[in-house]
Amino acid sequence: MKKVLGNIGLYFVAVIFLIINGYPFVFTILTSFKSQMEYMMSIWSLPGKLFLENYEKVLAPSFLRYFANSLFVTLIAVTIIVLAASMASYVFAKLEFKFSNVLFMLFVAGMMIPIHTTLIPVYVLVNKLGLYNSLSGLIGPYVSFGLPIAIFIMTGFFKDVPKDVIEAAKIDGCSHFVIYSRIMFPLSVPAIATVAIYNFLAIWNEFIYALVLINSAEKKTLPLGIREFYGLETVNIPGILTAILVGALPVMIFYFVAQEKVINGLVSGAVKG
Amino acid sequence: MEDMAVQKQNKNPERRKVRKRVNYSYYLMIALFLLPALLFYGTFNVYGTVMTFYYSMLKWTGIGASARFVGLSNFQALLRDTILWHSLKNNLILVVVSIAIQLPFGLILALIINSKIKASKFFRTVYFMPMLLSTVAIGILWSLIYDPNFGIMNSILDVVGLGKYKSGWLGNEKTAMAAVLITICWQFIPFYMILLRAGLTNVPAELYEAAYIDGSTSWKAFWTITLPLMSNTIKTASVMSLVGSLKYFDLIYIMTGGGPNRATELMATYMYKKGFVEFDMGYGSSIAAFMFITALTITAIVQNIQKRSKYGKEA
Numbered sequence: 089m090k091k092v093l094g095n096i097g098l099y100f101v102a103v104i105f106l107i108i109n110g111y112p113f114v115f116t117i118l119t120s121f122k123s124q125m126e127y128m129m130s131i132w133s134l135p136g137k138l139f140l141e142n143y144e145k146v147l148a149p150s151f152l153r154y155f156a157n158s159l160f161v162t163l164i165a166v167t168i169i170v171l172a173a174s175m176a177s178y179v180f181a182k183l184e185f186k187f188s189n190v191l192f193m194l195f196v197a198g199m200m201i202p203i204h205t206t207l208i209p210v211y212v213l214v215n216k217l218g219l220y221n222s223l224s225g226l227i228g229p230y231v232s233f234g235l236p237i238a239i240f241i242m243t244g245f246f247k248d249v250p251k252d253v254i255e256a257a258k259i260d261g262c263s264h265f266v267i268y269s270r271i272m273f274p275l276s277v278p279a280i281a282t283v284a285i286y287n288f289l290a291i292w293n294e295f296i297y298a299l300v301l302i303n304s305a306e307k308k309t310l311p312l313g314i315r316e317f318y319g320l321e322t323v324n325i326p327g328i329l330t331a332i333l334v335g336a337l338p339v340m341i342f343y344f345v346a347q348e349k350v351i352n353g354l355v356s357g358a359v360k361g
Numbered sequence: 538m539e540d541m542a543v544q545k546q547n548k549n550p551e552r553r554k555v556r557k558r559v560n561y562s563y564y565l566m567i568a569l570f571l572l573p574a575l576l577f578y579g580t581f582n583v584y585g586t587v588m589t590f591y592y593s594m595l596k597w598t599g600i601g602a603s604a605r606f607v608g609l610s611n612f613q614a615l616l617r618d619t620i621l622w623h624s625l626k627n628n629l630i631l632v633v634v635s636i637a638i639q640l641p642f643g644l645i646l647a648l649i650i651n652s653k654i655k656a657s658k659f660f661r662t663v664y665f666m667p668m669l670l671s672t673v674a675i676g677i678l679w680s681l682i683y684d685p686n687f688g689i690m691n692s693i694l695d696v697v698g699l700g701k702y703k704s705g706w707l708g709n710e711k712t713a714m715a716a717v718l719i720t721i722c723w724q725f726i727p728f729y730m731i732l733l734r735a736g737l738t739n740v741p742a743e744l745y746e747a748a749y750i751d752g753s754t755s756w757k758a759f760w761t762i763t764l765p766l767m768s769n770t771i772k773t774a775s776v777m778s779l780v781g782s783l784k785y786f787d788l789i790y791i792m793t794g795g796g797p798n799r800a801t802e803l804m805a806t807y808m809y810k811k812g813f814v815e816f817d818m819g820y821g822s823s824i825a826a827f828m829f830i831t832a833l834t835i836t837a838i839v840q841n842i843q844k845r846s847k848y849g850k851e852a
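Quick mapping for you: the protein sequence lines, in order, are chains A and B.
Heads up, the first sequence is in the working numbering, so the first residue is 89 and it goes up one at a time.
Heads up, the second sequence is in the working numbering, so the first residue is 538 and it goes up one at a time.
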């Protein structure tokens, strides 16, 4: 009897959280098929007929431009992060030199420091470099902010690769570059995936640096674009919700395809020593 | 001792030369491997942090304007700036709420998806979904939920007969902070769920079996087995939420902009306003420097306490 009651309690709590966490998504999807009028008449009703004007509005060239911009910045920055971090991690994990520990700590300290404190200097620097209001101006800071966690994760992973593998390669006459590119890099695919996913999501959703470094409409990334859309369509709640939904779609699809990887990637920043 | 060293040196000068050359190329190789990472990190993180402290000693209205060195006078003004202390207080409220609400709820969700509940995978999938939205999207979504005229929140109150409590949640000084905090909890609880769930799976199942054989209830087992064994995960989670809460910006900027009447102002939003709205770059930088010092100090204190109180071998 007690067990049955306990089970009922468990399911009750579980379903309540299901509603709290999941219903906003259901609500967003349903509302995206309603007209503004229909929404105002009744917030809770199901869409009467399939109303697609919201999607037409969102999938216009201007909004797709934000998409393309975000994709461009994110892909380049993530690629650089993976390459730069794996090279540095190879050194920290497998080679000995005097300042190895100090440098490693310098990078890892970046995980503890609030990056927002560099907002004003980065804004000034990007201006001086002539990269203000350009997508490439975002890449530098994004790479820099992504490196600490990436180096932390990859160094940990590289350390677990047995020394014998490297010694054997050295005896075969491989240079360190060959060992890195032909042995370590291919071996570390799981760590690379984690680092790539973590940074992809962080950069895809990044807001404050984009806000400060970009100002023209055609250079805006997706988060800035969604906010702009929100500003323009203040009262068109179904339209705004559609924009949010479409903006999140790539991440959502990826999540449903590779759930474990996405979850691990997102939480990986937390798995520190 | 000395003799031996001399002897060794004289023994084979040729060989020493070769070894030295190899060493140079070894260091060159290390430098090349580190170069890309150092270049980016040095330019933005390190230089950026150093320049924050330099700019904080300037009277400066921004690019193009001339800057005047004023020493520590920005900091003197800062210490008397009631808005700064008010913002810091809000940041600390955020820290407390994060640790006192997000962590326990994250633990409840972790226990649910870790229990023998049917379709636990489905529950996990849905519970995690808020993490997939950008902060901008969450901010806008919840602004619409709190909308005084067409928001779900007021509509729910109407439906359940509490219509008299309807409010413009974000526009009201008294409710704005709470409304924003609820949103932040919604955003981050799934994160702690996954983090704490990883800790739960590390607790050996035999311990529970033994406890149940000894007649323990699951409630008792939770307090005597689960929690103590998870203390390290919980500590990690607390430090994370601490660091995150001190730099919080996006959601507040989107939902309230720090208002109404600074009710939700945080250090980061205040810094942004000073630097990029009022173009007082020097003063803005001094707020940033203050944030940096606060975050570093609090993190150092907490980690120190943890180190002293830890009894497990991992931390």
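C-beta: ideal position from N, C-alpha, C; glycine also.
Given the structure is predicted, the values throughout are model-derived calculations rather than measurements.
Handout entry: CA-to-CA distance, residue 169 of chain A to residue 234 of chain A, given in whole angstroms
Key = Near 7 Å, if we compare the C-alpha coordinates of residue 169 of chain A and residue 234 of chain A.
Problem - Member of B/828, B/582 and B/572 whose CA lies at the smallest distance from the CA of residue 228 of chain A - result: Residue 228 of chain A has its Cα closest to that of B/582, out of B/828, B/582 and B/572.
Exercise for the section: Using a cut-off of 7 Å between C-beta atoms, extract the partners of residue 206 of chain A located in chain B. Expected result: Listed by position along chain B, the residues whose Cβ is nearer than 7 Å to that of residue 206 of chain A are 581, 582, 585, 586 and 589.
Practice task
Could you name the residues of chain B that residue 223 of chain A contacts, counting a contact when the two beta carbons are closer than 7 Å?
Solution key: From the beta-carbon of residue 223 of chain A, no residue of chain B is found nearer than 7 Å; the closest lies around 16 Å away.
Practice task
Taking all protein chains shown into account, decide if residue 845 of chain B is buried (16 or more other Cβ within 10 angstroms of its Cβ) or exposed.
Solution key: Around the Cβ of residue 845 of chain B, a 10 Å sphere holds fewer than 16 other Cβ atoms; the residue is exposed.
Problem - Contacts that residue 727 of chain B makes with chain A (C-beta to C-beta distance below 8 Å) - result: Going along chain A in sequence order, the residues near residue 727 of chain B (Cβ under 8 Å) are 109.
Problem - Proximity test, Cβ basis, 7 Å: residue 638 of chain B and chain A - result: Taking 7 Å as the CB threshold, residue 638 of chain B stays off the interface with chain A.
Handout entry: Per-residue DSSP class, three states only, for residue 605 of chain B
Key = DSSP places residue 605 of chain B within a strand segment (E or B) once states are collapsed to three.
Practice task
For residue 592 of chain B, return the contacting residues in chain A, with the cut-off set at a CB-CB distance below 7 Å.
Solution key: Ordered by position in chain A, the residues that pass the 7 Å Cβ test against residue 592 of chain B are 208 and 209.
Problem - residue 819 of chain B burial status per 10 Å Cβ neighbour count (16 or more: buried) - result: Within a 10 Å sphere around the beta-carbon of residue 819 of chain B sit 16 or more other beta-carbons, which makes this residue buried.
Exercise for the section: Look up residue 289 of chain A in the DSSP assignment and say whether it is helix, strand or coil. Expected result: It is helical.
Exercise for the section: Spell out whether any CB of chain A is found under 7 Å from the CB atom of residue 571 of chain B. Expected result: Yes, because at least one Cβ of chain A sits closer than 7 Å to the Cβ of residue 571 of chain B.
Handout entry: Below-7 Å beta-carbon distance, residue 561 of chain B vs any chain A residue
Key = Judged by the 7 Å Cβ criterion, residue 561 of chain B is not in contact with chain A.
Exercise for the section: Anything in the stretch 822-847 of chain B with a Cβ closer than 8 Å to a Cβ of chain A? List those residues in chain order, please. Expected result: Listed by position, the residues of the stretch 822-847 of chain B near chain A (Cβ gap below 8 Å) are 822, 825, 826, 828, 829, 832, 833 and 836.
Problem - Limits of the alpha helix (DSSP H) - the one that residue 190 of chain A falls within - result: Here the alpha helix (DSSP H) through residue 190 of chain A covers 188-197.
Practice task
Answer yes or no: does any C-beta atom of chain A fall closer than 7 Å to that of residue 683 of chain B?
Solution key: Closer than 7 Å: no.
Practice task
Report yes if the C-beta distance between residue 204 of chain A and residue 805 of chain B is below 7 Å; otherwise report no.
Solution key: Between residue 204 of chain A and residue 805 of chain B, the CB-CB gap stays under 7 Å.
Problem - Endpoints, the alpha helix (DSSP H) within which residue 707 of chain B is located - result: Premise fails: residue 707 of chain B is in no alpha helix (DSSP H) and is neither H nor E.
Practice task
Using only alpha-carbon positions, find the residue among B/786, B/753 and B/748 that is nearest to residue 296 of chain A.
Solution key: Answer by Cα proximity: B/786.
Handout entry: Host alpha helix (DSSP H) of residue 315 of chain A (start-end)
Key = For residue 315 of chain A, the uninterrupted alpha helix (DSSP H) run begins and ends at 310-320, by DSSP.
Handout entry: For residue 596 of chain B, three-class secondary structure by DSSP
Key = Three-state DSSP puts residue 596 of chain B in a strand.
Problem - Which of helix, strand or coil DSSP assigns to residue 738 of chain B - result: In the three-state reduction of the DSSP assignment, residue 738 of chain B falls in the coil class.
Exercise for the section: Taking all protein chains shown into account, decide if residue 100 of chain A is buried (16 or more other Cβ within 10 angstroms of its Cβ) or exposed. Expected result: Exposed, by the Cβ-count rule.
Problem - Any chain B beta carbon closer than 7 Å to residue 279 of chain A - result: It does not; no Cβ of chain B falls within 7 Å.
Exercise for the section: Indicate whether at least one CB of chain A lies closer than 7 Å to the CB of residue 668 of chain B. Expected result: So yes, residue 668 of chain B belongs to the interface.
Exercise for the section: Would you check if the distance between the CB atom of residue 774 of chain B and the CB atom of residue 609 of chain B is smaller than 7 Å? Expected result: The Cβ atoms of residue 774 of chain B and residue 609 of chain B lie no closer than 7 Å to each other.
Problem - Residues near residue 836 of chain B in its chain [Cβ-Cβ closer than 8 Å; skip 5 each side] - result: If we look at residue 836 of chain B and ignore the five residues flanking it on each side, its Cβ neighbours are 776, 779 and 780.
Problem - residue 136 of chain A in three-state terms, based on DSSP - result: Here residue 136 of chain A sits in coil by DSSP.
Exercise for the section: Enumerate in chain order the residues of its own chain whose CB-to-CB distance from residue 161 of chain A is below 8 Å, with the five nearest sequence positions on each side excluded. Expected result: Taking residue 161 of chain A as the centre and dropping the five residues before and after it, the same chain places the C-beta of 223, 226, 227, 230, 291 and 309 closer than 8 Å to its C-beta, in chain order.
Practice task
Closer than 8 Å by C-beta to residue 636 of chain B: which residues in its own chain qualify, once you throw out the five before and the five after it? Chain order, please.
Solution key: Within the same chain, residue 636 of chain B has close Cβ partners 775, 778 and 779.
Practice task
Alpha carbon to alpha carbon, how far is residue 196 of chain A from residue 647 of chain B? Give it in angstroms, no decimals.
Solution key: Computed Cα separation, rounded: 28 Å.
Exercise for the section: Find out if the Cβ-Cβ distance for the pair residue 714 of chain B, residue 586 of chain B is shorter than 7 Å. Expected result: Not a contact, by the Cβ cut-off of 7 Å.
Handout entry: Members of the stretch 303-328 of chain A near chain B, C-beta cut-off 7 Å
Key = If the cut-off is 7 Å between Cβ atoms, the stretch 303-328 of chain A has 311, 314, 315, 318, 325 and 328 near chain B.
Problem - Beta-carbon separation (whole angstroms), residue 352 of chain A vs residue 282 of chain A, contact threshold 8 Å - result: About 6 Å; that satisfies the 8 Å criterion.
Problem - Close beta carbons around residue 838 of chain B, own chain, < 8 Å, minus the five adjacent residues each side - result: Closer than 8 Å at the Cβ level, and outside the excluded window around residue 838 of chain B, lies no residue.
Practice task
For residue 717 of chain B, decide whether its Cβ has a neighbour in chain A, counting only Cβ atoms nearer than 7 Å.
Solution key: By this cut-off, residue 717 of chain B is not an interface position.
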